[in-house]
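Shown next, in structure tokens, is the structure this report addresses.
There are 2 protein chains.
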Amino acid sequence: MYRTNTCGELRLSDAGKKVTLAGWVQRSRKMGGMTFVDLRDRYGITQLVFNEEADAELCALANKLGREYCIQVEGTVNERQSKNNKIPTGDIEIIADKLYILSQSATPPFTIEDNTDGGDDIRMKYRYLDLRRPCVRHNLELRHRMTILIRNFLDSKDFIEVETPILIGSTPEGARDFVVPSRMNPGQFYALPQSPQTLKQLLMVSGFDRYFQIAKCFRDEDLRADRQPEFTQIDCEMSFVDQDDVIDLFEDMARHLFKEVRGVELPAKLQQMTWHEAMRRFGSDKPDLRFGMEFVELMDELKGTGEFAVFNDAEYIGGICAPGCASYTRKQLDQLADFVKKPQVGAKGLVWIKVNEDGTTKSSIDKFYTPEVFAKVVEKAEAKPGDLILILSGDKANKTRTQLCSLRLEMADRLGLKDKNKFECLWIVDFPLFEWSDEEQRLMATHHPFTMPNPDDIPLLDEHPERVRAKAYDFVCNGIEVGGGSLRIHDGQLQEKMFKILGFTPERAMAQFGFLINAFKYGAPPHAGLAFGLDRFVSIMAGLDSIRDCIAFPKNNSGRDVMLEAPSELDDKQLKELQISVDVNQENAE
Amino acid sequence: MYRTNTCGELRLSDAGKKVTLAGWVQRSRKMGGMTFVDLRDRYGITQLVFNEEADAELCALANKLGREYCIQVEGTVNERQSKNNKIPTGDIEIIADKLYILSQSATPPFTIEDNTDGGDDIRMKYRYLDLRRPCVRHNLELRHRMTILIRNFLDSKDFIEVETPILIGSTPEGARDFVVPSRMNPGQFYALPQSPQTLKQLLMVSGFDRYFQIAKCFRDEDLRADRQPEFTQIDCEMSFVDQDDVIDLFEDMARHLFKEVRGVELPAKLQQMTWHEAMRRFGSDKPDLRFGMEFVELMDELKGTGEFAVFNDAEYIGGICAPGCASYTRKQLDQLADFVKKPQVGAKGLVWIKVNEDGTTKSSIDKFYTPEVFAKVVEKAEAKPGDLILILSGDKANKTRTQLCSLRLEMADRLGLKDKNKFECLWIVDFPLFEWSDEEQRLMATHHPFTMPNPDDIPLLDEHPERVRAKAYDFVCNGIEVGGGSLRIHDGQLQEKMFKILGFTPERAMAQFGFLINAFKYGAPPHAGLAFGLDRFVSIMAGLDSIRDCIAFPKNNSGRDVMLEAPSELDDKQLKELQISVDVNQENAE
């Protein structure tokens, strides 16, 4: 037997016991004829003691142990003289009498400690060593714990987990598919699912009533820090329900998770905010409510009340009040102006108004307005002496609001307002059903083509589709869209109309979604669902900055697994069997 | 609200309650001014009653309902006059006073009942309707229940579920990979995992100690009835364990599952049979122990004791005794002879000996042997009057045993001995580490290249690798290999030796498994694991003939999803983005 106990298990009450432990050498040190080794495994750290006087040979072997050697030790549990109250095993040590080296270790390329000296790249290449660091492993333990809680919660609510296939058909709508050439069907390709959306709707047609799946999903999109080519979704669907049923049930699930995992009690009823309100007050469909700095619309105060042409031409003028920031230096203000002009923010410029201690103001646009105008702005913004009002304007209201949202989040960062131990959750509802795509020059489904329009707005579908609200809802926590879903269309005719508005010819709709259109001919039930992003949910719970840290083997921004060295080139034999050839444009490749 | 109760919920104690139900019309019938409708949902069936006298209009609407219409009904729970004790809701009915058609249904292409008139093809095309049949849905409910039980069992044993990636690197060893062209890395491909084998070993190197995952796996092999291109594995790995630790733990898991799911108590300790014994007694490494008909070796009795050249040249002669089959007609015996000559069995011919009621014998080879020889055979086979001894011979013992195994299973089918409610589980141990591949003309790993040789046999590795036993074990139930695993090599040098024996150059080993070879340099722990085939496990528990019946959306024998019409051709735009082209050989394609 390799061990009688784990390295996190023994206590003072075990003193005197003969035990066998196995694990890794965290560190070792010699002190006055004794060698102390910290032995680590998943469950903790236990101190081993080798006494030179008692067994010189054994102690000599112990002195040869390097960091990360994998060893087995037999010995006796002993009360420690100098206790370590930082670890649960800190009251005891093991007086070793046997030592076996199970495998040696080369010197690791970085230290296996929470505060490591390894950079991102080397830690990814040696991910198997990075995962030895307790802080990294804890994220994956938390992920496991969350999925167990989620599954048991949903099981208790009569949900059935159904595995849907990974090799499905390609649907060019939406994001780009990953595809898989079929050897048995030459010239044809499977696609990996972007989500099990249509399949879960089919399960509702099948009468499964309540479905869930913790499902792998795939999108071949250009990657950003918080995106991975494969990601995991808590995917759910219910029949014979309305919006409030879905919201209530998954709010309960979130409440259960926050309670069990973080000991946090969410409010008895979460706030529901319309998309329009969220845009107006926070310039975002995923507002971060951990802090204030709500938008103040300043059209009445600043448009046409002075000589500043930018404001006089604007369709929207809005600001935020940054508390206590009137002391910002010219340099700091320039930094903020540079920030809003970055391409990813896109504003043309920044206007600021400092509220002095005496209540007077100083502004970057002093010369265009009278002090009375500034006084009105200060009043509207409820700014206090010492505050800084930051103002953006533009010719498209929501575009400008989005820019102001970036500024609000930047100020929250600077002011340290993004408390990782605070969780502000809410639902965003009443999304627009469509959004205009400048790129495609057509209306696109805000969520997907299966989203139910608000019944009150159905008369608007023909003439004013852009004004139609969706029966859709997002679960937002700390400014992150953790989940989202909608009521689905279950009426074939309405679904056809949706496809038409989205620019599908009937032929194309049938080619892509024929199975769903056909299924709806056989008594489709009213149904609705939602999906939570598991990676995001875990990273919020764990207080992580990136979803990568809660994924065992993540890919980098080029979609590469640098440890596995994947993707890689194929043998000619493999290509031949698949009857495809690689056609890399040399110019592009260089 | 769409419903106050499900269709499986109401009882006599609910009589008088106003309720709302929703579901599908299973059937309806008119009887003396009343219309009765059976309303079905996932939870059961409830009878609705529409009274023409009470509300003619409502009853007229009810009369319009077709099968599979999706409806909502309000009414009052009433005690039934003629109770139906076959269903839990059979004591009550709902006197309907409101009826809403939620969606109409076209006539389904087959009847939505356990005994359907739909053939395989049409049911696969309309799988969403097939899944409405309670018998099909029950398989998926069982699957869900099993995964919940498995996860909670493993969680209670400190296993952590870790998701490993689906987009990994291609490893041409083993079965054929499915591959995925990478748009961001033109000319390069990901592969879909055949199993998370190497990744779970890395997690052991990382100190995860106990890992599991209910994992999707992919193999691009030609399909058979019991194979799917994607399948699901209960994948497990443990550190600091020996073979018995793994066997004990997963035997406990199986015991737990059989008890909870089927109410079956497995023996306190399952039988362990060596591979050699299993081959000798049953001609299979997955013997079906629900019935006897063990092999009887007849070399002493039949080789050289008569004039039958086939036996005199044979390296192996063996038989089974089919109880009570002496009455088989010439036609039946010819059928058996044809059976063993089928290409998938491959025997050259069949010899039979009937034991007459008076103890004398009649045989297909009477002219070659004396009655005394047959008497010895009868004695060895412990055949009784009325039994039929069936004998095969050949020049390779194990090949002949495999043929005899097919015959044994065929006879069990004919005799109705494969009881689906009986579960005979055992472990097969001491597999050969290698097997010779005629196709590749080299030794192949019986399991995979990471399997630990039996330490006692390591000295044989150089000279007699074919005699080396593996530290490997299979879990077999009712003649099906449900699970299998092994101790893994954790010593880099031994692993290198294995690669060498398997014909890998050091360069190729590094190119394919460099990450694992490197990982083993940093203190790899002793580890072992196993994987159960979830699809097979569920199908055994559910008494199914094919794994397809416990998969929501299975593929056919050409790897096609006929419902989704996948795989399919891609747009040129998609191919261009991926920088690949289709290269179908027209001759092949025709």
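Chains as they are written, first to last, in my numbering: chain A, 1 to 590; chain B, 1001 to 1590. All C-beta atoms in this analysis are idealised placements derived from N, C-alpha and C, irrespective of residue type, glycine included. Here the structure is a predicted model, which means the values were calculated and not measured.
Contact between Asn478/A and Arg281/A fails: their C-beta atoms lie close to 16 Å from each other, not under 8 Å. If the five residues before and after Ala509/A are omitted, its C-beta is found closer than 6 Å to the C-beta atoms of Phe499, all from its own chain and listed in chain order. Within chain A, Gln579 have C-beta atoms less than 7 Å from the C-beta of Asn1585/B, given in sequence order.
Taking 8 Å as the threshold, the shortest C-beta distance from Ala472/A to chain B does not fall below it.
As computed with DSSP, His527/A is found in a beta bridge with Ser239/A. Under the DSSP definition of a beta bridge, Val1355/B partners with Thr1361/B.
Ranking Met34/A, Leu65/A, Pro88/A by CA distance to the CA of Leu10/A puts Pro88/A first. In terms of Cβ geometry, Gln194/A and Leu516/A do not form a close pair [threshold 8 Å]. Within the same chain, Lys303, Ser393, Gly394, Asp395 come within 7 Å of Ala314/A by CB-CB distance, once the 5 residues on both sides are set aside.
Ranked by how close their Cα comes to the Cα of Ser1013/B, the residues Glu1079/B, Gly1023/B, Gly1044/B, Thr1020/B have Glu1079/B in first place. Within 9 Å of the CB of Ala22/A, the CB atoms of chain B belong to Ser1239, Phe1240, Pro1525, Pro1526, in sequence order along the chain. At a cut-off of 8 Å between beta-carbon atoms, Met1124/B makes no contact with chain A. At a beta-carbon threshold of 8 Å, none of the residues of chain B lie near Arg27/A; the nearest stands roughly 14 Å away. Using a CB distance cut-off of 8 Å, Pro88/A does not count as an interface residue toward chain B. At least one C-beta of chain A is nearer than 8 Å to the C-beta of Glu1230/B. Chain-ordered, the chain A residues with CB closer than 9 Å to the CB of Thr1164/B read Ala552, Phe553. Apart from the 5 residues on each side of it in sequence, Asn556/A sits with its Cβ closer than 7 Å to the Cβ of Met124, Val562 in its chain, given in chain order. The residues Arg1003, Thr1004, Glu1074, in chain order, have a CB closer than 6 Å to that of Thr1020/B in the same chain once the five nearest residues on each side in sequence are set aside. Not a single C-beta of chain B is nearer than 8 Å to the C-beta of Arg488/A. Close partners of Tyr1069/B in chain A (Cβ separation under 7 Å): Gly523. For Val246/A, not one C-beta of chain B is nearer than 8 Å to its own C-beta. Residue state for Cys1550/B is assigned as helix, using DSSP reduced to three classes. Met1/A sits exposed, since fewer than 16 C-beta atoms from the chains shown fall within 10 Å of its C-beta. The DSSP assignment places 1316-1322, 1351-1355 as complete runs of the beta strand (DSSP E) inside the segment 1298-1355 of chain B, in order along the chain (cut-off: 3 residues).
For Glu1496/B, the closest Cβ of chain A is not nearer than 8 Å. Cα atoms of Ala1383/B and Phe1311/B: separation of roughly 20 Å, rounded to the nearest angstrom. Of the other Cβ atoms in all chains shown, fewer than 16 fall within 10 Å of the Cβ of His138/A; this residue is therefore exposed. Assigned with DSSP and collapsed to three states, Cys217/A falls in strand. When 7 Å is used as the limit between beta carbons, Ala519/A is near these residues of chain B: Tyr1128, in chain order.
Within chain A, the residues whose beta carbon sits less than 7 Å from that of Ile1148/B are Arg151, Asp155, listed in sequence order.
Neighbours of Gly1559/B in chain A, taken as residues whose beta carbon is under 7 Å from its own, are Ser182, Met184, Asn185 in chain order. Counting along the chain, Phe282/A sits inside the alpha helix (DSSP H) bounded by residues 275-282. Here DSSP, grouped into helix, strand and coil, assigns Gln197/A to helix. Spatial neighbours of Ala1381/B in its own chain (CB-CB distance under 7 Å, excluding positions within 5 residues in sequence) are listed in chain order as Val1296, Gly1319, Cys1321, Ile1389. Per DSSP, reduced to three states, the secondary structure at Cys59/A is helical. Under the Cβ criterion (8 Å, minimum of three pairs), the segment 453-465 of chain A does not count as touching the segment 412-422 of chain A.
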